[in-house]
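S.K.: Structure incoming, see below.
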Amino acid sequence: MLRIHQSENSAAAKSYYTQGLSKGDYYSQELPGVWGGKAAGMLGLQGIVQQEDFNSLVENRKPGTNENLTPRTRSDRCPGYD
């Protein structure tokens, strides 16, 4: 079964990190979440997902530089799906 979870705001997405992604039991694995894919590579993200980097993305900022990822940041935007 496929279950898609939408984070409704940045606070919900940050809570998602602390409640699941950072824990070693994420999806019943022994390892915490890891970055993968082309977008992660383009942003210089690799290895284990760090909360600071995750929070930057949730806030529409590029990790490490704090520059905006998109021209506008809407207050009602959806910061992510899982």
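The working numbering applies: residue 0 is where the sequence shown begins, and numbers increase by one.
Even for Gly, the Cβ is constructed at its ideal location relative to N, Cα and C.
Computed from a predicted model, the values in this text were never measured in an experiment.
Taking the continuous alpha helix (DSSP H) assigned at N54, which residues delimit it?
M.R.: Q50 to V57
S.K.: Is the Cβ-Cβ distance between N59 and N67 less than 9 Å?
M.R.: Yes.
S.K.: Excluding the 5 residues flanking T17 on each side, which residues of the same chain have their C-beta closer than 8 Å to its C-beta?
M.R.: Q50
S.K.: In the DSSP assignment, find the unbroken alpha helix (DSSP H) run with G36 in it and report its ends.
M.R.: No alpha helix (DSSP H) holds G36; DSSP gives it neither H nor E.
S.K.: Since S6 contacts P78 with CB under 8 Å, what's their CB separation in whole angstroms?
M.R.: Beta-carbon to beta-carbon, S6 and P78 are separated by about 5 Å, close enough to satisfy the 8 Å threshold.
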